[in-house]
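Notes follow once the structure below has been shown.
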Amino acid sequence: VLTEKYAAIRRTRGDGNCFFRSFMFAYLENILESQDRAEVSRITTNVEECRKTLLNLGYAEFTFEDFFTIFIEQLESVLPKNEASI
């Protein structure tokens, strides 16, 4: 029954973050397939706003900046015309 709907299965580490990891993998895969530059722009803007909010709330930038930077790099890498593209 599953083979009628899904072509493959991807296993993920069941460490408590498996939902988030699976969601982000599917999200980036969707961006890769759709090449939706507007979505990439929207999310990039939201990440920047979130960064500003965290700073305004008193969080030290080093506690989240690496995560945001890596996410934006991954997001941008799924679009063509980029040296870092997949």
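This note's numbering applies: residue 1411 is where the sequence shown begins, and numbers increase by one. Each residue gets a CB set at the ideal place from its N, CA and C atoms; glycine is no exception.
**OP:** Determine the contact status of Val1450 and Leu1489, defining contact as a CB-CB distance below 8 Å.
**Re:** yes
**OP:** Whole angstroms is fine: what's the gap from Glu1471's alpha carbon to Arg1461's?
**Re:** 8 Å
**OP:** Go to Asp1476, then tell me how far its alpha helix (DSSP H) extends in each direction, as first and last residue.
**Re:** Glu1475 to Ser1487
Subject >> Start and end residues, alpha helix (DSSP H) containing Phe1406 >> reply: Residue 1406 lies beyond the range of the chain shown here (1411 to 1496); nothing can be said about it.
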